[in-house]
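Okay, so here's the structure we're looking at.
Numbering (the working numbering), first residue to last: 15 to 411.
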């Protein structure tokens with residue numbers, strides 16, 4: 015039994031050994047209408063043979079999804095050139111795939127008795143656990159070789175992508191909704207609502223069945239519309255799905271994002287810039303530092319600032335607008351002249367934050383201690399309205 019478990023993990027290590035695609039390619043659906051297997055038109059050609067050369071994926075229903083994620087370095091085949099689409103995904107593999115997407119920085123302090131720091135999955139497990147995405151067991155084990163069920167995989171991805179709770183009706187419409195465990199129901203509903211998760215031809219989710227590598231590739235490909243794979247300036251274009259910036263020194267120009275925008279912990283303390291973009295979903299800012307996450311001439315809905323370690327500076331300038339900015343952790347928000355935020359809400363967990371506004375704020379709500387607005391202290395529980403220009407202070411509303 016022990017040897018069998020080790021053998022599975024060795025195979026998984028081979029399957030997940032690839033890391034980074036050279037150049038600045040992101041997974042994208044470009045304006046030219048390229049299919050899901052295509053990559054960002056700004057990069058030119060990629061090594062298509064490497065991406066599509068799995069001997070066991072020819073004519074497979076998940077081939078396009080596997081090719082996209084393989085080209086981005088999130089998935090890879092084994093030394094024999096096989097992807098093994100029908101093989102169940104292990105918890106170690108799941109940790110590695112999610113960490114390759116988000117590039118978490120914090121390894122936390124938790125030590126699992128069955129995870130060696132020197133193993134191929136050791137850092138991935140530590141980081142996704144510290145991020146609250148995959149948890150261990152009460153006995154101190156992680157069980158890296160255990161197969162992941164469909165409802166477990168959905169729950170992990172829902173946490174990683176920070177999805178809002180879905181409507182109960184979406185789950186109730188599935189013929190086997192009762193088979194979804196209590197802990198997974200909210201995540202399954204969220205994934206159904208967002209259109210990522212689909213039932214089979216019979217309307218079944220099969221939540222207790224093991225998640226295969228092909229199924230995970232298909233699901234993850236729906237969730238990743240574009241992902242950064244290098245530094246520098248890139249044209250974004252129209253992206254169907256989520257945009258993920260998981261490193262510093264990335265500048266994205268001109269585009270529309272139909273899903274969410276993620277600036278992940280992989281951006282570290284560096285700078286990320288956006289110019290002329292429109293985000294229809296939520297912008298989640300979990301990375302970046304004093305050098306800032308800057309939006310220029312951009313239109314945003316909700317922005318959530320949730321960096322877990324050091325303070326991040328987020329800037330709206332050159333006529334940018336945001337419907338709502340939520341400070342969930344300490345942050346510095348700057349609103350430049352000609353830019354506007356309809357609402358700024360400073361949550362209780364964002365003590366020590368600072369707001370610098372030379373533009374306009376429709377409503378500012380402060381629920382935290384030690385918060386400054388243009389250098390003056392705000393009272394906890396204070397709400398201010400119609401703030402405009404550098405004259406906006408805590409004493410005006």
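Heads up, the beta-carbon is just placed ideally off N, CA and C, and yes, glycines get one too.
The residue from 113, 115 and 369 with its alpha-carbon nearest to that of residue 390 is 369.
For residue 251, the closest C-alpha among the options 194, 290, 311 and 238 is that of 290.
Burial check for residue 163: the Cβ neighbour count within 10 Å reaches 16 or more, so the residue is buried.
In the three-state scheme derived from DSSP, where H, G and I count as helix and E and B as strand, residue 197 is classed as helix. Within a 10 Å sphere around the beta-carbon of residue 343 sit 16 or more other beta-carbons, which makes this residue buried.
In the DSSP assignment, residue 169 falls within the alpha helix (DSSP H) that extends over 164-174.
Under the 8 Å Cβ criterion, the stretch 194-204 does not count as touching the stretch 249-264, having fewer than three qualifying pairs. Leaving aside the five residues that flank residue 168 on each side, the residues in its chain whose CB is nearer than 7 Å to its CB run, in chain order, 198, 201, 202, 205 and 211. Residue 377 is bridged by DSSP to 357 and 399. Distances from the alpha-carbon of residue 301 to those of 97, 324 and 104 put 324 closest. Take the alpha-carbon of residue 395 and the one of residue 133: they are about 49 Å apart.
Contact between residue 308 and residue 338 is absent: CB atoms are separated by about 19 Å, not below the 8 Å threshold. Residue pairing of residue 258 in beta bridges, as defined by DSSP: 241 and 276.
For residue 140, the uninterrupted alpha helix (DSSP H) run begins and ends at 136-144, by DSSP. Membership of residue 310 in the beta strand (DSSP E) is indicated by the continuous run 307-310. Between residue 254 and residue 239 a beta carbon distance of about 6 Å is seen, short of the 8 Å cut, so the two are scored as contacting. One alpha carbon belongs to residue 376, the other to residue 116, and they sit about 33 Å apart. Beta-bridge pairing by DSSP links residue 108 to no other residue. Separation of residue 143 and residue 237 (C-alpha to C-alpha, rounded to the nearest whole angstrom) is 21 Å. The straight-line gap separating the alpha-carbon atoms of residue 172 and residue 318 is approximately 16 Å. Comparing C-alpha distances from residue 335 to each of 247, 322, 357 and 285 shows the shortest one belongs to 357. For residue 71, the secondary structure class from DSSP, reduced to helix, strand or coil, is coil. Take the alpha-carbon of residue 122 and the one of residue 245: they are about 27 Å apart. Within the same chain, and ignoring the five residues on either side of residue 362 in sequence, the residues whose Cβ sits closer than 6 Å to its Cβ are 381 and 382.
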